[in-house]
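Residue numbers (my numbering): 39 to 463.
Each residue gets a CB set at the ideal place from its N, CA and C atoms; glycine is no exception.
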Amino acid sequence: MTNTTKVVFIGAGSMSFGLSMFRDLFSACELRGSTLVLVDTNPEALDRMTRLAGIMNAASGAGMIIEKTTERRAALPGAKFVMNSVAIDRNRLWKLDFEIPKRLGIRHTLGENGGPGGLFFTMRTLPLVFDIVRDVEELCPDALFINFSNPESRIIMALGKYSPVKAIGMCHGLFMARDDISKVMGVKDETLDLWGAGLNHFQCVMSLRDKASGRDLYPDLFAADKTHDPAFRPLTRKLMRVFGHWLTCSDDHLGEYLAYGWEGGEEGYPFEWDEGNRAEMKRDLDIALAGGPMPKWWMEPSGERGIAVIAGMIHNQKRFIESAIVYNRGAIPNLPADLAVEVPVVADAAGIHTVSLGPVPDPIAKLMTIQAGVQQLSVEAAVHASKDLALQALLIDPVVTSTAAATQLLDELWEINKPYIRKCV
């Protein structure tokens with residue numbers, strides 16, 4: 039049977055994330071014959087990535103039909119899946135989200151998904167996301183909206199509460215945790231079977247087993263932890279000793295949600311490394327577009343699971359997806375129902391089915407509930423464009439330790455982000 043599935047990729051001009059998606063799209067034989075529409079508001083970046091998509095499509099034999107447009111509404115009619123990876127002036131604004139609170143005495147780790155940075159990522163990103171999903175609701179109401187943009191939890195929570203569009207968020211945090219655990223234990227990561235539940239970047243590894251035998255490996259992890267390099271993930275490992283479970287996905291991501299998160303490091307995102315990496319990627323891209331060879335790894339899957347969701351739904355495969363962000367509705371019964379949580383799901387022709395692992399351990403649920411309130415209030419601040427609610431969201435955030443600093447950083451970051459802040463509902 040001919041595959042007539044239409045996939046729209048919004049934000050496709052991103053060299054870094056666009057390449058990750060292409061690696062998965064063109065290595066997945068299940069999408070053969072699908073139409074892929076690339077959308078970006080930057081014509082030059084869009085043209086560059088469309089040319090790369092054509093080269094990778096031909097090299098892989100994926101047989102996809104590739105189209106491009108700078109007009110989102112022109113792309114959406116007939117779409118079954120809409121992938122979103124938009125970011126607004128990402129590095130420049132993110133640096134300010136980190137540096138301004140730090141100058142005012144706030145000790146934080148990344149400034150992306152928690153703390154003041156998480157609030158302002160939410161304030162400027164949600165209006166754009168709602169613009170997109172309103173178009174989805176009008177032009178392809180049965181499509182699944184697959185979100186890769188941060189802050190994941192807050193975007194999916196806002197859509198679950200205020201939009202009828204079906205939405206799911208994707209993140210590889212659980213796989214990052216698996217990599218770290220494998221390092222501590224001195225085993226190959228593919229031998230480990232992890233089940234996690236919680237919040238995005240704040241999952242509890244509920245089960246850690248040997249993939250072949252099913253043997254519980256938590257005792258082995260605790261034993262290995264005693265002799266492993268103490269400089270490796272010190273905050274995560276300290277919390278494991280206290281709470282009895284590994285919490286995802288790294289000290290800097292996890293630390294965004296904790297008053298003491300800075301103990302795991304407060305250097306912020308490595309912007310210089312990121313910009314150097316993008317420059318190297320651009321050099322490789324220029325070579326490929328000029329007819330030269332591509333790096334071998336460009337033709338290998340990236341490890342992201344968004345395309346597995348699409349393939350599972352297209353072909354009714356009942357595909358198990360280890361981790362996805364969904365509106366809770368009881369999937370984790372001891373966390374609020376109107377919260378976005380990260381749990382396993384199954385994807386088939388009927389849609390996305392949440393896999394509940396039951397309640398997370400009570401002390402960990404109490405730790406997560408602190409962050410739940412912060413996320414809920416920040417979403418309300420963003421959808422109502424309310425500076426008053428934004429201040430309240432800051433003052434219940436455990437990362438914020440000063441009312442004076444909260445008020446001043448709110449004034450400064452609000453002014454910077456004012457062009458993007460507006461009511462969503």
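Q: Indicate the three-state DSSP secondary structure (helix, strand or coil) for Gly-234 in the structure shown.
A: Reduced to three states, the DSSP call for Gly-234 is strand.
Q | One or two residues paired with Ala-362 in a DSSP bridge | A | Val-381
(Q) List, from N- to C-terminal side, the alpha helix (DSSP H) runs of 4 residues or more that fit wholly inside the region 415-456. (A) 425-433 and 441-455
Q | Min CB distance Glu-190 to chain B below 8 Å | A | No chain B appears in this structure, which consists of one protein chain only.
Q.
Once the 5 residues before and after His-353 are set aside, which same chain residues still bring their CB inside 7 Å of it?
A. Glu-68
Q) Nearest CA to the CA of Met-332: which residue from Glu-342, Arg-321 and Gly-350? A) Arg-321
**Q.** Thr-79 classed as buried or exposed, judged by whether at least 16 other C-beta atoms fall within 10 angstroms
**A.** exposed
(Q) Taking a contact to mean a Cβ-Cβ separation below 8 Å, would you say Val-364 touches Thr-407 in this structure? (A) The Cβ atoms of Val-364 and Thr-407 lie no closer than 8 Å to each other.
**Q.** Simplified DSSP assignment, three categories, for Val-75
**A.** strand
Q. If Leu-148 sits next to Glu-294, beta carbons under 8 Å apart, how far is it from one beta carbon to the other, in whole angstroms?
A. 5 Å
Q: Determine the direct distance from the alpha carbon of Met-244 to that of Glu-82, and round the result to whole angstroms.
A: 45 Å
**Q.** Close Cβ partners of Lys-133 (< 7 Å) along its chain, the five nearest in sequence each way excluded
**A.** Excluding positions up to five away in sequence, the list reads Phe-309.
Q | Leu-255 versus Asp-217: straight-line alpha-carbon distance, rounded | A | 15 Å
(Q) I'd like the list of long-range same chain contacts for Ala-433, defined as Cβ closer than 7 Å, with 5 residues on each side in sequence excluded. (A) The sequence shown places Leu at residue 433, rather than the Ala named in the question. Only Thr-441 and Ala-444 meet the Cβ criterion.
Q. By the 10 Å Cβ neighbour count, where 16 or more other Cβ atoms means buried, how is Leu-84 classified, buried or exposed?
A. buried
Q | Closest by C-alpha distance to Glu-228, when choosing among Leu-142, Val-398 and Leu-212 | A | Leu-212
**Q.** Integer-rounded CB distance, given that Leu-74 should sit under 8 Å from Phe-47
**A.** Right, the Cβ-Cβ distance comes to about 7 Å (below 8 Å), so this counts as a contact.
Q: Locate the beta strand (DSSP E) running through Ala-83, then write down its first and last residues.
A: Taken as a continuous stretch (DSSP letters only), Ala-83 belongs to no beta strand (DSSP E), being part of the alpha helix (DSSP H) at 81-98.
Q. Going by Cα to Cα distance, which pick from Ile-93, Phe-55, Gln-409 and Val-280 is closest to Ile-325?
A. Ile-93
Q.
List, from N- to C-terminal side, the alpha helix (DSSP H) runs of 4 residues or more that fit wholly inside the region 246-290.
A. 256-263 and 272-281
**Q.** Sufficient close CB pairs (3 or more, under 8 Å) joining the region 102-117 to the region 403-418
**A.** no
Q) Nearest to Pro-268 by alpha carbon, out of Lys-249, Leu-285 and Val-222? A) Val-222
Q.
Let me check one thing: in DSSP terms, what residues is Arg-216 bridge-paired to?
A. DSSP, once it has assigned bridges, lists no residue as partnering Arg-216.
Q: Counting only runs of 4+ residues fully inside the region 187-211, write out the alpha helix (DSSP H) ranges in chain order.
A: Counting only runs of 4 or more, we get 190-200.
Q. At which residues does the alpha helix (DSSP H) containing Glu-105 begin and terminate?
A. Here Glu-105 belongs to no alpha helix (DSSP H); instead the beta strand (DSSP E) covers 103-107.
**Q.** Rounded Cβ spacing between Leu-451 and Phe-158 (contact assumed at less than 8 Å)
**A.** 5 Å
**Q.** Assigned secondary structure, Met-351 (DSSP; H/G/I helix, E/B strand, else coil)
**A.** helix
Q.
Considering just the uninterrupted stretch of the beta strand (DSSP E) at Val-167, what are its terminal residues?
A. Here Val-167 belongs to no beta strand (DSSP E); instead the alpha helix (DSSP H) covers 153-177.
(Q) Between the region 340-357 and the region 378-394, can you find at least three pairs of beta-carbon atoms closer than 8 Å? (A) Yes, the region 378-394 touches the region 340-357.
Q.
With DSSP as the reference, identify every bridge partner of Lys-44, one or two as the case may be.
A. Thr-73
Q.
With H, G and I counted as helix, E and B as strand and the rest as coil, what does DSSP make of Cys-242?
A. strand
Q: In the DSSP assignment, find the beta strand (DSSP E) that holds Met-121 and state where it starts and stops.
A: 119-122
Q: Kindly indicate which three-state DSSP category Leu-465 falls into: helix, strand or coil?
A: Nothing can be reported for residue 465: it is not among the residues displayed for the chain, which extend from 39 to 463.
Q.
Distance check for Trp-284 and Gly-56, CA to CA, integer angstroms please.
A. 31 Å
**Q.** Cut-off 8 Å between Cβ atoms - residues of its own chain near Gly-368, not counting five sequence neighbours on either side
**A.** Ala-375 and Ser-394
(Q) Looking at the secondary structure, which residues open and close the alpha helix (DSSP H) in which Ile-325 lies? (A) Looking at the DSSP string, the run of the alpha helix (DSSP H) that includes Ile-325 is 309-327.
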